[in-house]
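K.L.:
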């Protein structure tokens, strides 16, 4: 009997040692940077798929393209419009009859003035901005701490002033990129979001009986952090399904889950499990930003993921593009320039540009002169325009434009080619100033190639 008990004890010890060794091995795999990057990427994709649900209005397409492949492809192209990405995004869809223009590009990359893995991030971003502007399809990715001169976002509490970045000689090209018109179509999101809570400790209900425990570093560095661009895209998809529009993708209505707020099902809070009823739950963001830090992020051209007061929910209170608005002497003009650089309004203007391009493309050959095309487009735009500033949300959803204007002229020396200039002024959410967008495009006769369209916000004066 004693011998049997001893053998059982030794067997249990060996099983425990095996379990411990397996725990170390599985933890090493789960927390390897390459594996975490892969898991975070797939979980980010799962966020987008859940957000789109069964809606037939949203299509998600994947392009497996690592950073080095992207950088090499863009750098080898003689010009942006000869790159493979331009061919995929513009030529095969937006520039082709019957094509379906892309509404938003999400890149699972972390950008900064200097890419630690090599390559030229500023050059790549510059070309991505030109492709995005040509296709009227904003590109959104993540921002690393180096984008604002930090090694880690946890250093934010020790840095109060970022004005020195404007004069940093290592950021001359980065600041130059922010001054380009095309940078309105670029968005960089920070900080990172938690893609998965730590795996639950051993549960006796587990079929294989493996007592796994995920080991998490005290500073949270081994948690599964992912790109905040997925969270931004989730908000865009949800609002598009609800309204077909993008003006309401920031802020939140009291006691509602709308605007820029992420619900617990979209981005699950991290519950420490130290309190009952979820009182120990924390927002699934890498760091909680103060309102002042949010504003600093916006001033530096980043889209901040913030948190709500006394809540575990994450929220987008703003969506500033990478573009640095020009400095005007008039406060009114400065505010207008800031609004024109916000991605929500760039998305709105881009949506109209897609439809206008398709309508003009289809009408070429049926309407013989510029006046006929202009009347056709004016009639179409009128169906989306409502000049009443006091209209409720449902009306502003049906009529998203406050005013619109259009001018179509034949291009001199190019018979059958028309230049179209469109002015769009959306209803503005939570803003007390107004600006408008100018969309300029050339539509050729059949057989010709369209010149690149450019989105230029109108410069307003006081």
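In UniProt numbering, the protein residues as written are 1 to 462. Just so you know, even glycine gets a beta-carbon here, dropped at the ideal spot from N, CA and C. If you're wondering where the values come from, they're calculated on a predicted model, not measured in any experiment.
Candidates 222, 188, 215: which alpha carbon is nearest residue 200's?
P.N.:
Closest option to residue 200, Cα to Cα, is 215.
K.L.:
Do residue 180 and residue 119 count as a contact pair if the criterion is CB distance below 9 Å?
P.N.:
Contact flag unset, no.
K.L.:
What separation, rounded to the nearest whole angstrom, lies between the Cα atoms of residue 122 and residue 101?
P.N.:
Spanning the two alpha carbons is a distance of roughly 26 Å.
K.L.:
Could you round the C-beta distance between residue 140 and residue 106 to whole angstroms and report it? I think they count as a contact, below 8 Å.
P.N.:
At roughly 6 Å, the Cβ-Cβ gap stays under 8 Å, so residue 140 and residue 106 are in contact.
K.L.:
Can you give the Cα-Cα distance for residue 378 and residue 384, rounded to whole angstroms?
P.N.:
If you take the alpha carbons of residue 378 and residue 384, they lie about 10 Å apart.
K.L.:
What is the DSSP secondary structure of residue 411, reduced to helix, strand or coil?
P.N.:
It is coil, neither helix nor strand.
K.L.:
I need the straight-line Cα distance from residue 392 to residue 386, nearest angstrom please.
P.N.:
Distance between the alpha carbons of residue 392 and residue 386: 11 Å.
K.L.:
Near residue 124, what residues of its chain come up, given a Cβ to Cβ distance below 8 Å and the 5 sequence neighbours on each side ignored?
P.N.:
Excluding residues within five positions, the ones whose Cβ falls inside 8 Å are 70, 71, 74, 75.
K.L.:
Nearest to residue 195 by CA position, among 316, 113, 44, is which residue?
P.N.:
Out of 316, 113, 44, 44 has the C-alpha closest to the C-alpha of residue 195.
K.L.:
Determine which residues share a DSSP beta bridge with residue 26 and list them.
P.N.:
In the DSSP output, where bridge partners are listed per residue, residue 26 has none listed.
K.L.:
By a C-beta neighbour count over all protein chains shown, 10 Å radius and 16 as the cutoff for buried, is residue 35 buried or exposed?
P.N.:
With fewer than 16 other Cβ atoms within 10 Å, it is exposed.
K.L.:
Smallest Cα separation from residue 375: which of 348, 408, 343?
P.N.:
Among 348, 408, 343, the Cα nearest to that of residue 375 is on 408.
K.L.:
Between the region 14-30 and the region 54-68, can you find at least three pairs of beta-carbon atoms closer than 8 Å?
P.N.:
Short answer: they don't touch.
K.L.:
For residue 271, which of helix, strand or coil comes out of DSSP?
P.N.:
Of the three classes helix, strand and coil, the one that applies to residue 271 here is strand, per DSSP.
K.L.:
For residue 413 and residue 320, I'd like the C-alpha separation in whole angstroms.
P.N.:
In a straight line, the C-alpha of residue 413 is about 40 Å away from that of residue 320.
K.L.:
Jot down the residue ranges of each uninterrupted beta strand (DSSP E) in the region 161-190, minimum 3 residues, whole runs only, in chain order.
P.N.:
Whole beta strand (DSSP E) segments, 3+ residues: 186-190.
K.L.:
Identify, in the order they occur along the chain, each residue of the same chain with its Cβ nearer than 6 Å to the Cβ of residue 159, setting aside the five sequence neighbours on each side.
P.N.:
Contacts found: none.
K.L.:
Here's the rule: buried if 16 or more other CB atoms are within 10 angstroms of the residue's CB, otherwise exposed. What is residue 220?
P.N.:
The residue in question, residue 220, is exposed, as its Cβ has fewer than 16 Cβ neighbours within 10 Å.
K.L.:
For residue 263, name the three-state secondary structure that DSSP assigns.
P.N.:
Of the three classes helix, strand and coil, the one that applies to residue 263 here is coil, per DSSP.
K.L.:
Rounded to whole angstroms, what's the CA-CA distance from residue 235 to residue 261? Just pull it up for me.
P.N.:
Residue 235 and residue 261: Cα-Cα distance of roughly 8 Å.
K.L.:
Measure from the alpha carbon of residue 167 to the alpha carbon of each residue in 185, 152, 148, then state which is nearest.
P.N.:
Comparing Cα-Cα distances from residue 167 to each of 185, 152, 148, the minimum goes to 148.
K.L.:
Taking 9 Å as the cut-off, decide whether the C-beta atoms of residue 244 and residue 253 are in contact.
P.N.:
Cβ distance not < 9 Å, so residue 244 and residue 253 don't count as in contact.
K.L.:
Is the beta carbon of residue 281 closer than 9 Å to that of residue 515?
P.N.:
Within the shown structure, residues of the chain are numbered from 1 to 462, placing residue 515 beyond reach of any answer.
K.L.:
Please identify the residue among 344, 222, 157 whose C-alpha is closest to the C-alpha of residue 247.
P.N.:
Residue 247 has its Cα closest to that of 344, out of 344, 222, 157.
K.L.:
So, with DSSP's three-state summary, where would you put residue 430?
P.N.:
Low confidence applies here, because residue 430 scores a pLDDT of 45, under 50, leaving its location unreliable and the question unanswered by this model.
K.L.:
Taking only beta-carbon atoms, is residue 413 less than 9 Å away from chain D?
P.N.:
Among the protein chains of the structure shown there is no chain D, as only one such chain exists.
K.L.:
Less than 9 Å between the beta carbons of residue 298 and residue 318, yes or no?
P.N.:
Going by C-beta atoms, residue 298 is nearer than 9 Å to residue 318.
K.L.:
Report the CB separation of residue 296 from residue 162 in whole angstroms; it is logged as a contact under 8 Å.
P.N.:
Going by Cβ atoms, the distance from residue 296 to residue 162 rounds to 6 Å, so yes, they are a contact pair.
K.L.:
For residue 222, which of 33, 418, 87 has the nearest alpha-carbon?
P.N.:
If we check each option's Cα against that of residue 222, 33 comes out closest.
K.L.:
Report all residues from its chain with a CB closer than 6 Å to the CB of residue 84; omit the five preceding and five following residues, and keep chain order.
P.N.:
The residues are 73.
K.L.:
Any idea what DSSP makes of residue 404, helix, strand or coil?
P.N.:
Three-state result, residue 404: strand.
K.L.:
Return the chain-ordered list of same chain residues with a C-beta closer than 6 Å to the C-beta of residue 270, the five sequence neighbours on each side being excluded.
P.N.:
194, 197, 282, 284, listed in sequence order.
K.L.:
Name the one or two DSSP bridge partners that residue 225 has.
P.N.:
Residue 225 pairs with 194.
K.L.:
Could you tell me which residues DSSP pairs with residue 324 in its beta bridges?
P.N.:
Partner(s): none; residue 324 has no beta bridge.
K.L.:
Counting C-beta neighbours from all protein chains within 10 Å, is the total for residue 239 16 or more, i.e. buried, or is it exposed?
P.N.:
So residue 239 ends up on the buried side.
K.L.:
Going by DSSP in three states, residue 135 sits in which element: helix, strand or coil?
P.N.:
Coil, per DSSP.
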